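Numbering (this note's numbering), first residue to last: 21 to 166.
All remarks here apply to the structure that follows.
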Amino acid sequence: MSQVLNLFNSVGPEQFTTMICQIAPYFSTIQPSVTALRPGYAEAHVPLRKEVTNHLGTMHAIALCNAAELVAGTMTDASLPAGYRWIPKGMSVEYLAKVKTDIRAVADGSGIDWAQAGDQVVPVDVFDTEGKKVFAARITMNVKAS
21 MSQVLNLFNS VGPEQFTTMI CQIAPYFSTI QPSVTALRPG YAEAHVPLRK
71 EVTNHLGTMH AIALCNAAEL VAGTMTDASL PAGYRWIPKG MSVEYLAKVK
121 TDIRAVADGS GIDWAQAGDQ VVPVDVFDTE GKKVFAARIT MNVKAS
(Lines of atoms letter the chains of each structure in order from A and count residues from 1; the text may use other names and numbers.)
(Lines give C-alpha, C1' and ligand atoms only; values in the text may rest on other atoms or scores of the structure.)
Protein backbone atom coordinates (compact mmCIF):
# COMPACT_ATOMS: atom_id res chain seq x y z
CA MET A 1 0.00 0.00 0.00
CA SER A 2 1.30 3.47 -0.83
CA GLN A 3 2.57 5.62 2.02
CA VAL A 4 0.08 8.33 1.06
CA LEU A 5 -2.88 5.94 1.17
CA ASN A 6 -1.62 4.38 4.38
CA LEU A 7 -1.35 7.86 5.92
CA PHE A 8 -4.89 8.78 4.84
CA ASN A 9 -6.28 5.55 6.29
CA SER A 10 -4.27 5.93 9.52
CA VAL A 11 -4.93 9.54 10.46
CA GLY A 12 -8.18 10.36 8.69
CA PRO A 13 -9.13 13.04 6.18
CA GLU A 14 -8.63 16.16 8.33
CA GLN A 15 -5.17 15.35 9.64
CA PHE A 16 -4.15 13.89 6.27
CA THR A 17 -5.02 17.17 4.54
CA THR A 18 -3.00 19.12 7.10
CA MET A 19 0.00 16.85 6.52
CA ILE A 20 -0.24 17.01 2.71
CA CYS A 21 -0.31 20.81 2.97
CA GLN A 22 2.86 20.68 5.07
CA ILE A 23 4.59 18.37 2.57
CA ALA A 24 3.49 20.54 -0.38
CA PRO A 25 2.79 23.97 1.15
CA TYR A 26 1.28 25.54 -1.97
CA PHE A 27 -1.80 23.34 -1.54
CA SER A 28 -2.55 25.19 1.69
CA THR A 29 -3.36 28.34 -0.31
CA ILE A 30 -6.72 26.82 -1.30
CA GLN A 31 -7.49 25.39 2.18
CA PRO A 32 -8.55 22.01 0.79
CA SER A 33 -10.11 19.10 2.58
CA VAL A 34 -9.31 15.70 1.08
CA THR A 35 -12.53 13.81 1.71
CA ALA A 36 -11.88 10.50 -0.08
CA LEU A 37 -8.80 8.59 -1.20
CA ARG A 38 -8.50 5.05 -2.51
CA PRO A 39 -6.78 3.41 -5.47
CA GLY A 40 -8.29 4.93 -8.60
CA TYR A 41 -10.16 7.74 -6.81
CA ALA A 42 -9.62 10.94 -4.85
CA GLU A 43 -11.94 13.75 -3.90
CA ALA A 44 -11.40 17.10 -2.19
CA HIS A 45 -13.52 20.06 -1.13
CA VAL A 46 -12.25 23.62 -1.56
CA PRO A 47 -14.12 26.56 -0.05
CA LEU A 48 -14.75 29.75 -1.98
CA ARG A 49 -12.92 32.45 -0.04
CA LYS A 50 -11.84 35.97 -0.94
CA GLU A 51 -8.20 34.79 -1.04
CA VAL A 52 -8.88 32.47 -4.01
CA THR A 53 -11.08 34.81 -6.05
CA ASN A 54 -10.26 36.88 -9.10
CA HIS A 55 -11.33 40.39 -10.09
CA LEU A 56 -14.79 39.02 -10.98
CA GLY A 57 -15.33 37.58 -7.52
CA THR A 58 -15.23 34.01 -8.85
CA MET A 59 -12.74 31.26 -8.01
CA HIS A 60 -9.41 31.96 -9.66
CA ALA A 61 -8.28 29.67 -12.47
CA ILE A 62 -5.08 28.71 -10.69
CA ALA A 63 -6.97 27.75 -7.53
CA LEU A 64 -8.95 25.31 -9.68
CA CYS A 65 -5.70 23.95 -11.17
CA ASN A 66 -4.25 23.60 -7.68
CA ALA A 67 -7.26 21.53 -6.56
CA ALA A 68 -6.99 19.36 -9.68
CA GLU A 69 -3.30 18.69 -9.09
CA LEU A 70 -3.98 17.80 -5.44
CA VAL A 71 -6.55 15.11 -6.20
CA ALA A 72 -4.71 13.80 -9.27
CA GLY A 73 -1.43 13.49 -7.38
CA THR A 74 -2.80 11.85 -4.26
CA MET A 75 -4.92 9.45 -6.33
CA THR A 76 -1.95 8.55 -8.55
CA ASP A 77 0.21 7.85 -5.52
CA ALA A 78 -2.51 5.72 -3.93
CA SER A 79 -2.98 3.75 -7.16
CA LEU A 80 0.58 2.81 -8.11
CA PRO A 81 1.95 -0.67 -7.43
CA ALA A 82 4.87 -0.97 -5.01
CA GLY A 83 8.14 0.06 -6.61
CA TYR A 84 6.64 2.68 -8.94
CA ARG A 85 6.99 6.45 -8.85
CA TRP A 86 5.37 9.35 -10.67
CA ILE A 87 5.76 13.00 -11.55
CA PRO A 88 3.30 15.34 -13.27
CA LYS A 89 4.35 16.06 -16.83
CA GLY A 90 1.60 18.31 -18.15
CA MET A 91 -1.92 19.60 -17.64
CA SER A 92 -4.66 20.68 -20.00
CA VAL A 93 -7.70 22.44 -18.58
CA GLU A 94 -11.13 23.66 -19.58
CA TYR A 95 -12.90 26.41 -17.71
CA LEU A 96 -16.57 25.53 -18.24
CA ALA A 97 -18.32 28.08 -16.04
CA LYS A 98 -17.63 30.87 -13.56
CA VAL A 99 -17.24 29.38 -10.09
CA LYS A 100 -19.23 31.25 -7.45
CA THR A 101 -19.45 28.50 -4.81
CA ASP A 102 -17.28 26.01 -2.99
CA ILE A 103 -16.03 23.21 -5.22
CA ARG A 104 -15.61 19.45 -5.18
CA ALA A 105 -12.65 18.14 -7.21
CA VAL A 106 -12.72 14.49 -8.29
CA ALA A 107 -9.90 12.47 -9.84
CA ASP A 108 -11.09 9.18 -11.31
CA GLY A 109 -8.27 6.90 -12.40
CA SER A 110 -10.26 3.68 -12.19
CA GLY A 111 -9.82 3.08 -15.92
CA ILE A 112 -6.04 3.44 -15.87
CA ASP A 113 -3.62 0.50 -15.84
CA TRP A 114 -1.31 1.75 -13.11
CA ALA A 115 1.18 -1.09 -13.66
CA GLN A 116 1.88 0.33 -17.13
CA ALA A 117 4.93 2.59 -17.12
CA GLY A 118 4.88 5.74 -19.24
CA ASP A 119 2.46 8.61 -19.57
CA GLN A 120 -0.89 8.12 -17.87
CA VAL A 121 -3.58 10.78 -18.28
CA VAL A 122 -5.58 11.42 -15.12
CA PRO A 123 -9.02 12.96 -15.61
CA VAL A 124 -10.18 15.48 -13.01
CA ASP A 125 -13.63 17.04 -12.92
CA VAL A 126 -14.63 19.90 -10.64
CA PHE A 127 -18.20 20.58 -9.57
CA ASP A 128 -19.92 23.49 -7.84
CA THR A 129 -22.25 22.99 -4.88
CA GLU A 130 -25.19 22.39 -7.22
CA GLY A 131 -23.36 19.52 -8.92
CA LYS A 132 -22.65 21.44 -12.13
CA LYS A 133 -19.31 20.62 -13.77
CA VAL A 134 -17.41 23.91 -13.88
CA PHE A 135 -13.87 22.79 -14.71
CA ALA A 136 -12.14 19.81 -16.27
CA ALA A 137 -8.46 18.90 -16.30
CA ARG A 138 -6.40 16.16 -17.85
CA ILE A 139 -3.10 15.74 -16.03
CA THR A 140 -0.38 13.67 -17.63
CA MET A 141 1.59 11.69 -15.05
CA ASN A 142 4.88 10.13 -16.02
CA VAL A 143 4.91 6.74 -14.29
CA LYS A 144 8.08 4.69 -13.89
CA ALA A 145 9.17 1.56 -12.13
CA SER A 146 11.81 2.53 -9.55
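Here a beta-carbon is modelled for each residue, glycine too, at the ideal position from N, C-alpha and C.
All values derive from a computational prediction rather than experimental measurement.
(message) Once DSSP output is grouped into helix, strand and coil, what is the label at L57?
(response) Three-state DSSP puts L57 in a strand.
(request) Report back the beta-carbon spacing between V66 and I40 to the nearest angstrom; my notes put them in contact at under 8 Å. (result) Contact flag wrong, Cβ pair sits at about 13 Å.
(message) Between V24 and A98, how many whole angstroms is the CB-CB distance? I'm expecting something under 8 Å.
(response) Between A98 and V24 the Cβ distance is about 6 Å, and since that is below 8 Å, they are a contact.
(request) Could you spell out the range, first to last residue, of the alpha helix (DSSP H) harbouring D97? (result) From DSSP, the alpha helix (DSSP H) with D97 extends over A81 to S99.
(message) Spatial neighbours of A81 within its chain, please: C-beta separation below 7 Å, excluding the five flanking residues on both sides.
(response) Only Y115 meet the Cβ criterion.
(request) State the beta-bridge partners of H65 as determined by DSSP. (result) H65 pairs with S53 and R124.
(request) Whole angstroms is fine: what's the gap from V72's alpha carbon to I107's? (result) Across the structure, V72 and I107 are spaced so that their CA atoms are roughly 26 Å apart.
(request) Return helix, strand or coil for S112, following the three-state DSSP convention. (result) The three-state secondary structure of S112, taken from DSSP, is strand.
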